[in-house]
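Encoded as structure tokens, the structure appears first; notes follow it.
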Amino acid sequence: MIGLCLGLAGVVWAELPVPAFTLAWRHTIEKIRWEEDYRVTAEGLLLGEARVKGSGAGMEIPADAELREGSWHYQRQLAPLQPLRLGRTPEAGDYQLCFNQRCRSMSDWLGPPQATQPTVELWSCELGSPLSVNDAGNG
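The opening position of the sequence shown corresponds to residue 19 in the numbering used here, with each subsequent residue numbered one higher.
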């Protein structure tokens, strides 16, 4: 079964048996929520729709974005990401992973962000051991 792996340099720290997820975070300066929807495929993580509640420093809204329900919605055409590399530091706060209609902090699987480990990678992987969503911290 293919799922989502979290770790660094190919070393798996956590496995999640999910076919899709939303990655969410707050912009470090503007404090505006940003969300990106991904599908987990054998080729990598495929970005679908993205949403942002407003613009600001480094947060330009694409020209083709549509304002719906208080957020700008848009899509980018990117090749599957394998891996998706994220900066994760105590100063910036943590990311959330959302699936099965729930959002949880990445800290639930990886512990809090640490200055000594400022990067995490997400990639699609063949799951090594069968985990249930409950085992993955989403009970």
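Think of the CB as a built atom: it goes at the ideal place given N, C-alpha and C, for glycine as much as any other residue.
- With at least 16 other beta carbons inside 10 angstroms of its own, Ala68 counts as buried.
- Cβ neighbours of Pro80 within its own chain (closer than 6 Å, five residues either side excluded): Tyr92.
- The secondary-structure analysis by DSSP pairs Trp52 across a beta bridge with Trp43 and Val70.
- Comparing C-alpha distances from Cys116 to each of Arg44, Thr46, Ile47 and Glu53 shows the shortest one belongs to Glu53.
- The Cβ-Cβ distance between Ile50 and Ala75 does not fall below 8 Å.
- The bridge partners DSSP lists for Val138 are Leu104.
- The three-state reading of DSSP puts Leu99 in strand, counting E and B together.
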